[in-house]
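So the protein lines, in turn, are chains D and C. Numbering-wise (my numbering), the first sequence opens with residue 4 and increments by one. Numbering-wise (my numbering), the second sequence opens with residue 4 and increments by one. A virtual CB, placed ideally from N, CA and C, is assigned to each residue, including glycine.
There are 2 protein chains.
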Amino acid sequence: MPISPKVSFRLAKRTDVPAIVQMLAEDELGSQRERFETPLPKAYYTAFDAIQADPNQELIVAELNGEVIGTLQLMYLPSLSYQGGTRAQVESVRVLQQLRGQGIGAEMMKWAIKRARKHGCHLMQLTSHKSRTDAHRFYEKLGFTKSHIGLKINL
Amino acid sequence: MPISPKVSFRLAKRTDVPAIVQMLAEDELGSQRERFETPLPKAYYTAFDAIQADPNQELIVAELNGEVIGTLQLMYLPSLSYQGGTRAQVESVRVLQQLRGQGIGAEMMKWAIKRARKHGCHLMQLTSHKSRTDAHRFYEKLGFTKSHIGLKINL
């Protein structure tokens with residue numbers, strides 16, 4: 004049951020890109036790597052088109068009173084492992100700063116989990132920076148287990 | 004420079020599926036979740052077809068004297084974050100048990116890193132189970148940083 008009956012979830016449209024980038028940019032870690040300006044760098048739209056062109060990628064937004072207030076990217080990853088099971092992955096989970104702590108993120112994740120289940124995924128995975136201890140608690144409350152180490156390398 | 008001049012890397016073919024599943028199954032954690040038998044469960048081939056149908060997914064094998072001796076799955080993930088940057092992800096990295104410790108895994112990873120760079124990826128990411136401390140050292144030697152926590156939930 005959604006916290007607010009007015010919050011709904013849907014696939015992102017091209018016109019949602021600035022609102023999504025704003026949320027990516029206002030994040031503590033994201034602020035150093037995004038460029039939220041007018042006009043928005045074209046690369047964001049190129050990336051949106053690449054996501055839309057791939058049926059295994061879904062950019063999701065949460066909407067409240069016609070305004071985009073949350074986002075996440077849902078990925079369906081085909082794999083030989085787990086007897087050829089498809090796994091779901093979630094990236095770039097954000098809720099508008101002034102609306103945090105109201106359960107919107109949890110509703111959005113539950114919606115994504117349901118969607119991934121419908122798609123036939125046997126597992127959902129995500130990584131979260133070591134410093135985001137609040138986020139770890141948030142995901143553990145949803146039933147996630149901190150079973151893995153996430154390693155990254157800049158190319 | 005490859006450890007052995009005879010080891011080469013290429014995209015997997017459908018006929019490689021049994022050799023790949025064998026490597027997934029002989030792994031400590033994988034042994035509990037795979038079914039390496041003759042004939043191979045059809046789901047493995049269905050998954051192979053799904054990987055091949057998605058241009059953002061590449062199943063890679065290492066070959067020695069015409070035999071498949073290593074594998075990994077390379078993914079190209081389009082994303083709005085990092086100013087619309089594409090990230091690479093690696094899953095299901097395996098080397099045939101009796102050939103481990105000879106640098107073949109490192110060569111395979113370096114080959115994948117080079118390939119991801121050519122594809123324009125700005126970052127490569129992967130997760131590794133907490134219990135695989137040897138693997139963590141292996142990835143750190145390659146330049147990876149243990150910056151994230153990997154969380155999973157069964158659906």
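I'd like to confirm the pairing. Which residues does DSSP put opposite residue i in its beta bridges?
i: Ala65(D); result: Phe12(D), Gly73(D)
i: Gln165(C); result: Residue coverage of chain C in this structure runs from 4 to 158, which leaves residue 165(C) outside it and unanswerable.
i: Gln128(C); result: Lys155(D), Gln92(C)
Rounding to the nearest angstrom, what Cα-Cα distance links residue i and residue j in this structure?
i: Met4(D); j: Glu66(D); result: Model confidence at Met4(D) stands at a pLDDT of 47, short of 50, so the residue's coordinates are unreliable and nothing is read from them.
i: Tyr142(D); j: Asn59(C); result: 27 angstroms
i: Met112(D); j: Lys144(C); result: 35 angstroms
i: Leu83(D); j: Thr41(D); result: 44 angstroms
i: Ile107(C); j: Arg135(D); result: 35 angstroms
i: Asp19(D); j: Leu43(C); result: 45 angstroms
i: Ser34(D); j: Leu99(D); result: 14 angstroms
i: Ile63(C); j: Arg38(C); result: 21 angstroms
i: Gln128(D); j: Trp114(C); result: 25 angstroms
i: Arg90(C); j: Ala46(C); result: 28 angstroms
i: Thr130(C); j: His132(D); result: 12 angstroms
i: Arg118(C); j: Leu158(D); result: 11 angstroms
i: Gly87(C); j: Leu102(C); result: 39 angstroms
i: Leu126(C); j: Arg13(C); result: 21 angstroms
i: Ala50(C); j: Glu61(C); result: 12 angstroms
i: Cys124(C); j: Gln25(C); result: 30 angstroms
i: Val71(D); j: Ala22(D); result: 6 angstroms
i: Ala138(C); j: Arg97(C); result: 11 angstroms
i: Ala56(D); j: Asp57(C); result: 11 angstroms
i: Gln92(C); j: Gln105(D); result: 32 angstroms
i: Glu110(D); j: Asp30(C); result: 37 angstroms
i: Tyr85(C); j: Tyr85(D); result: 31 angstroms
i: Gln54(C); j: Met78(C); result: Here the sequence assigns Ile to residue 54(C), which means Gln is not the residue at that position. Roughly 10 angstroms between the two C-alpha positions.
i: Asn68(C); j: Glu94(D); result: 40 angstroms
i: Val10(C); j: Gly73(C); result: 10 angstroms
i: Phe147(D); j: Arg140(D); result: 9 angstroms
i: Lys121(D); j: Ala28(D); result: 31 angstroms
i: Ala15(C); j: Gln76(D); result: 28 angstroms
i: Arg17(D); j: Pro81(C); result: 15 angstroms
i: Asp52(D); j: Leu32(C); result: 37 angstroms
i: Arg36(D); j: Lys149(C); result: 19 angstroms
i: Ile116(D); j: Ile116(C); result: 31 angstroms
i: Tyr48(D); j: Tyr48(C); result: 35 angstroms
Is residue i helix, strand or coil when you go by DSSP?
i: Glu94(C); result: strand
i: Ser150(C); result: strand
i: Gln105(D); result: coil
i: His139(D); result: helix
i: Lys133(D); result: coil
i: Phe51(D); result: helix
i: Pro21(C); result: helix
i: Glu29(D); result: helix
i: Arg118(C); result: helix
i: Glu110(D); result: helix
i: Gly123(D); result: coil
i: Met4(D); result: In this prediction, Met4(D) has a pLDDT of 47, which is less than 50 and means its spatial position is unreliable; nothing more can be read from the coordinates.
>> Across the stretch 147-158 of chain C and the stretch 151-158 of chain D, are there enough close Cβ pairs to call them in contact, namely three or more that are closer than 8 angstroms?
In response: yes
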